[in-house]
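In this note's numbering, the protein residues as written are 28 to 442.
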């Protein structure tokens, strides 16, 4: 057994001071659907509802062992890393200063403060995380505090690697496939480092959001690169640049083993797991499960572990998640209709709707002429095939309309 594996196992033992090993649960629903043995490594059931506590705890533990006099720690985060650091600060009785963007939802700020139990100060600064990070690093230099990186740190990677030793111990053998969500790469680097030695036959798949594919970009360039634009919806994995240290471990990954998930598609997976299984996952936490449909033929008869990395989901976002899921599934569309301003015009339009078509939105925008007005209409249905039939009836009625469902600019402004 290598020193790395010994250290990871020692870290896993130390973590038991905080929480028992997160469950590795066989999911009968998914197993039956795909004809495979599908197990979920439920990191969403950790005390801070994500695996991030593992790395924060280990990095803080190591820092205190090397420098017992160090009593001040700093991080910059708008989510799970902040909560993990806060929890670790309370456990070790040290002071933490957590920098967050001013735009961070109050729910996340309140949870971080609660986990810190009076040991942390939250500093809201900057509109974006990069600005908060710059402020945090400046503060570290001035205050002589220890900076805790969310993923680009060997002690953090060692902490995240405890997920792998728990999987092996709980399963009692090596799985055929492990599916990992990827953000900065700390979890992936840690799990792969353990499995390469302890379970060399196990295969891996890495899953990134389409709007934040930093690992895919790094593999293509052969070095970490900064993405020009990041879609922040899957905030737990939407990282603009993969970590240098994680990439040094993952650099030999076959790019075909990195799968990209559309942000709207993962919403359907979140809703299905919530409605069918009662499992609450954040968007990043559902990434590993979302790709199972894409892998259906390849995983038949195999043992597959999906790491559900987090469950910090604000239910105020549920309407948005449902909206995105419906649009991706083709069950909801928006269009602008130029409607004649005459008695009976609305009744004529309603007569074109099918028995499964429901109006979810109806809003006059502004009257552009005396005889016509523009109307924003949202239609929900039960089968995507109903829309071509509806549009055919609208065409036959010579209605002037424009489908804006996939028009990102108009949809963001009007919807």
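Ideal Cβ positions, reconstructed from N, Cα and C, are used throughout, including at glycine.
Since this is a predicted model, take the numbers as computed values, not measurements.
Look at residue i and residue j and say whether their C-beta atoms are less than 9 Å apart.
i, j, result
"residue 81", "residue 42", "yes"
"residue 150", "residue 86", "no"
"residue 211", "residue 256", "no"
"residue 159", "residue 111", "no"
"residue 68", "residue 190", "yes"
"residue 65", "residue 437", "no"
"residue 232", "residue 284", "yes"
"residue 163", "residue 174", "yes"
"residue 408", "residue 371", "no"
"residue 325", "residue 411", "no"
"residue 424", "residue 379", "yes"
"residue 119", "residue 166", "no"
"residue 16", "residue 153", "Since the first and last residues shown for the chain are 28 and 442, residue 16 lies out of range."
"residue 171", "residue 208", "no"
"residue 363", "residue 401", "yes"
"residue 117", "residue 142", "yes"
"residue 91", "residue 129", "no"
"residue 452", "residue 228", "In this structure the chain extends from 28 to 442, so residue 452 is not present and cannot be described."
"residue 198", "residue 38", "no"
"residue 308", "residue 55", "no"
"residue 239", "residue 216", "no"
"residue 328", "residue 359", "no"
"residue 31", "residue 73", "no"
"residue 316", "residue 57", "yes"
"residue 280", "residue 322", "no"
"residue 403", "residue 388", "yes"
"residue 417", "residue 366", "no"
"residue 429", "residue 398", "no"
"residue 291", "residue 351", "yes"
"residue 131", "residue 148", "no"
"residue 138", "residue 108", "no"
"residue 180", "residue 272", "yes"
"residue 517", "residue 289", "Since the displayed the chain opens at 28 and closes at 442, residue 517 lies outside it and no answer follows."
"residue 113", "residue 75", "yes"
"residue 348", "residue 294", "yes"
"residue 441", "residue 391", "no"
"residue 176", "residue 270", "yes"
"residue 375", "residue 413", "no"
Tell me, which residues are paired with residue i by DSSP?
i, result
"residue 29", "Residue 29 pairs with nothing; no bridge assigned."
"residue 361", "405"
"residue 232", "206"
"residue 330", "64"
"residue 390", "403"
"residue 101", "124 and 174"
"residue 114", "Note: residue 114 sits in no beta bridge, so no partner."
"residue 52", "67"
"residue 366", "400"
"residue 78", "Bridge partners of residue 78: none, in fact."
"residue 338", "Answer is none; residue 338 lacks a bridge partner."
"residue 429", "363"
"residue 385", "407"
Assuming the contact rule is C-beta atoms closer than 8 Å, residue i and residue j should be a hit. Round their C-beta distance to whole Å, please.
i, j, result
"residue 236", "residue 245", "At roughly 15 Å, the Cβ-Cβ gap does not stay under 8 Å, so residue 236 and residue 245 are not in contact."
"residue 206", "residue 234", "6 Å"
"residue 156", "residue 115", "The Cβ separation is near 20 Å, so there is no contact."
"residue 35", "residue 185", "6 Å"
"residue 306", "residue 220", "Between residue 220 and residue 306 the Cβ distance is about 28 Å, and since that is not below 8 Å, they are no contact."
"residue 226", "residue 201", "3 Å"
### Message
So, does the region 297-312 touch the region 327-341, judging by three or more C-beta pairs under 8 Å?
### Response
yes
### Message
Going residue by residue through the region 125-194, where are the continuous alpha helix (DSSP H) segments of at least 4 residues, counting only ones entirely within it?
### Response
133-143, 156-170 and 181-187
### Message
Does the region 338-357 come into contact with the region 291-305, if we say contact requires no fewer than three beta-carbon pairs (one atom in each stretch) closer than 8 Å?
### Response
yes
### Query
Enumerated in chain order, which unbroken segments of the alpha helix (DSSP H) with a length of 4 residues or greater are wholly contained in the region 255-335?
271-277, 290-299, 314-317 and 323-326
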